[in-house]
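Okay, structure first, notes after.
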Amino acid sequence: MDIIISNSSGKPIYEQITSQIKNLVITGELKPGDPLPSIRVLAKELRISVITTKRAYEDLERDGFIVSVPGKGTFVADQSIEMLRERQLKIVEEHLQTGVDAAKMAGISLDELVEMLGILYGEEE
Amino acid sequence: MENVLEVRKLRKKYDSFELQDISLDLPRGSIMGFVGQNGAGKTTAIKLILNLIRADAGEIKIFGEKHNALDRKLKEQIGVVFDECNFPEYLTAKDIILVMKNIYRSFQVERFDKLLDSLKLPKNKPIKEFSRGMKMKLSIAVALSHGAKLLILDEPTSGLDPIVRDEVLDLFLEFIQDEDCAILVSSHIISDLEKVADYITFIHEGKIIFSENKDRLLEEYGVLKCSHHDFEQIDKTKVLGYRENQFSVAALIRKKDVPKGFLVEQASIEEIMLFMTRGERAS
Amino acid sequence: MKGLLIKDFLILKNQGKLLALALLVYSIIAFSSGNADMVTTMLFVVSVIMPVTAIAYDEKSRWERYALATALNRRDLVLSKYLFGGLCIVCGMLLGILFTLAAEKGSAAVLLPRLRMLVVAACVGVVVQSVNLPIVFHFGVEKGRIAMFLVIAGTAALQFYLGQVGIQVSGSLFSNMPLVLYVVIAAVSFGLSIVVSNLIYSKKEF
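Protein chains in written order, with our numbering: chain A, 34 to 158; chain B, 1080 to 1362; chain C, 7 to 212.
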């Protein structure tokens, strides 16, 4: 499992972990039932605070990507990839709706919005 | 027991310096960075916690018990490292084993030996001939070899090169894998702690300025950068400290208080400290 | 506390080679010449130097603040220095007895006074140590030396003054008391000194 953290990207570290693990699950690199490192081991390896990894895992569990079994550890949740993708799509939709509302308020056209989207998507790559 | 260490309203008065209302909680399984300038009161606070000096007021609890009423078994679970190696310099590491074995009932000779090896410390050389980094590694090796659950370190890395500091950080991270353990490390070198600390307690001129979850601190504070002209338009009560040069102004501010359209950068722990202490007050 | 004693003896082992040699040479000379004063002086010197040197080493490496942060307490630290000093004196005395028995093949009449002298010297050493240690604990090694010097000078001055007024206080007055009395005085001063030192040390801040 690869997790790469950037200290200089504006994104909070726990968010970077969350999105990378979500990505691994959605693309199928991490399969349901696969074990994840404990929050302590992850913190030690990445040289970050345990609180950060704990938060990332809490968010992942809340969003249904992972599940922690007391006494056994943390594992990728037993959900179909389609379901998770659905859920993530919903989140994207909500964010886009916010963007669309803001654009309409400022009189920004759909074309401008699409162009912005293209630039942002390219940046993230 | 959730907190390995609890400090409540500690006070100590000297002629030229006073420690006021020092309070902090160190939850188990965590690393707390105790930061502040030289002379801010870190060492005094630590000495009070270790009962080396007596407080004028306040309460300290370690492992849930009053700090000056710890039984021997609990006291043995506290590992201490000071900024100078406190072992007599005419002894060798091997001598230290014999001495410490008879001071700590729970001293683990094998573990200590292994640590000496992995830290590449010579066993038969008098400590006098150790470099500063080696002396520090020795002190830490001892502290990690008697079943300690609480590690208290006072400026362990000052004067050490980045390579040794990195080795030391590794030891801390290994120590904290056990959830029942906790580390309180004081330092004025923030960069070491900035990454791995779970909590940061900032002390300045004898007072605690904040004692917070590090992630929350980073989320909360930002550095706003703008022109002098724009700076005038900002609500000064929201500015926690600012620094200006001929060409621009940089101000520490809570991210939620940043007015629209202004450039705000992530504040590092070091910047938070600098702005709060050296920064000008705007209101 | 065992650990503390081990520490002090290990330092001695590593550092005391020169001192040991000097003492050895001195002992041989002293005992073969049978000079009472030399022996007394040696035990006197040992009783003062040893524990103070141990304390000096501790001060240099700031050992005390570390030791107190371990499971040891203040009493342990005080007691260990007394034990250390006491052990050194006893060793010195035993060495003296050994030498005397080895060197002197004379009759009991010749041997006994010499042996008695050794025990007396050891007791005096204990008394000197009992006066010295609380001073050193309070003032530290540096200032303690000065303080001790003043005490000795003061005693000498007192002796002189008393002499002027007609009261002769000389060494011979003391050397003819029953042996038991010496041992008792030594033991009492040892115990008292520990109590005083504990009091001083408990107030100390590190």
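All residues carry an ideal CB built from backbone N, CA and C; glycine is no exception.
Keep in mind that this is a model prediction, so the values were computed, not measured.
Any chain C beta carbon closer than 8 angstroms to residue i
| i | result |
| --- | --- |
| MET1213(B) | no |
| LEU1177(B) | yes |
| VAL1159(B) | yes |
| ASP1174(B) | yes |
| GLU1234(B) | no |
| ASN1181(B) | yes |
8 angstroms Cβ cutoff, residue i in contact with chain A
| i | result |
| --- | --- |
| LYS1293(B) | yes |
| GLU1208(B) | no |
| SER1265(B) | no |
| GLU1144(B) | no |
| SER1109(B) | yes |
8 angstroms contact criterion, which residue i and residue j should meet: CB distance rounded
| i | j | result |
| --- | --- | --- |
| ALA1148(B) | LYS1091(B) | Between LYS1091(B) and ALA1148(B) the Cβ distance is about 19 angstroms, and since that is not below 8 angstroms, they are no contact. |
| THR1123(B) | LEU1098(B) | 5 angstroms |
| GLY97(A) | ARG120(A) | 6 angstroms |
| GLN135(C) | TYR1169(B) | Contact doesn't hold; Cβ gap of about 23 angstroms is too wide. |
| ARG88(A) | ASP1294(B) | 7 angstroms |
| VAL202(C) | PRO140(C) | 5 angstroms |
| ILE17(C) | TYR88(C) | Their Cβ separation, rounded to whole angstroms, is 17 angstroms, which puts ILE17(C) and TYR88(C) out of contact at 8 angstroms. |
| MET99(C) | LEU49(C) | 7 angstroms |
Contact with chain B by residue i, beta-carbon distance below 8 angstroms
| i | result |
| --- | --- |
| ASN204(C) | no |
| LEU83(C) | no |
| ILE38(A) | no |
| VAL83(A) | yes |
| ARG88(A) | yes |
| ALA28(C) | no |
| LYS105(A) | no |
| LYS8(C) | yes |
| GLY155(A) | no |
| TYR88(C) | no |
| LYS13(C) | yes |
| LYS64(A) | no |
| SER67(C) | yes |
| TYR207(C) | no |
| ALA75(C) | yes |
| GLU214(C) | Residue 214(C) is absent from the structure shown; chain C starts at 7 and stops at 212. |
Status (buried if at least 16 other CB within 10 Å, exposed otherwise) for residue i
| i | result |
| --- | --- |
| CYS1164(B) | buried |
| GLY197(C) | exposed |
| ASP1259(B) | exposed |
| ILE99(A) | buried |
| ALA163(C) | exposed |
| GLY1120(B) | buried |
| HIS1307(B) | exposed |
| LEU78(C) | buried |
| ASN1292(B) | buried |
| THR85(A) | buried |
| PRO184(C) | exposed |
| LEU168(C) | exposed |
| MET138(A) | exposed |
| HIS1235(B) | According to the sequence as given, residue 1235(B) is Pro; it is not His. It is buried - the Cβ of PRO1235(B) has at least 16 other Cβ atoms within 10 Å. |
| TYR47(A) | buried |
| ARG1360(B) | exposed |
| VAL125(A) | exposed |
Opposing strand residues paired with residue i [DSSP bridges]
| i | result |
| --- | --- |
| GLU1344(B) | VAL1302(B) |
| ARG80(C) | Answer is none; ARG80(C) lacks a bridge partner. |
| GLU1097(B) | LYS1092(B) |
| LEU1263(B) | MET1111(B) and ILE1231(B) |
| GLU1359(B) | TYR1321(B) |
| PRO1106(B) | ASN1082(B) |
Bounding residues of the beta strand (DSSP E) (the contiguous stretch that carries residue i)
| i | result |
| --- | --- |
| ASN1292(B) | 1286 to 1292 |
| ILE1141(B) | 1136 to 1141 |
| TYR1278(B) | 1278 to 1283 |
| LEU63(A) | Careful: LEU63(A) lies outside any beta strand (DSSP E) and carries neither H nor E. |
| THR107(A) | 106 to 109 |
| ALA1330(B) | 1328 to 1333 |
| TYR1321(B) | 1318 to 1323 |
| GLY1158(B) | 1157 to 1160 |
| SER101(A) | 99 to 102 |
Segment limits, alpha helix (DSSP H) that includes residue i
| i | result |
| --- | --- |
| ASN1082(B) | It is not in any alpha helix (DSSP H) - ASN1082(B) instead sits in the beta strand (DSSP E) that spans 1082 to 1092. |
| VAL1243(B) | 1241 to 1254 |
| MET1213(B) | 1211 to 1222 |
| LEU11(C) | 8 to 21 |
| ALA193(C) | 185 to 209 |
| MET34(A) | Here MET34(A) belongs to no alpha helix (DSSP H), and DSSP marks it neither H nor E. |
| VAL74(A) | 72 to 79 |
Chain-ordered neighbours of residue i on chain D, where CB pairs are closer than 8 angstroms
| i | result |
| --- | --- |
| GLU1298(B) | The displayed structure is made up of protein chains A, B and C, and chain D is not among them. |
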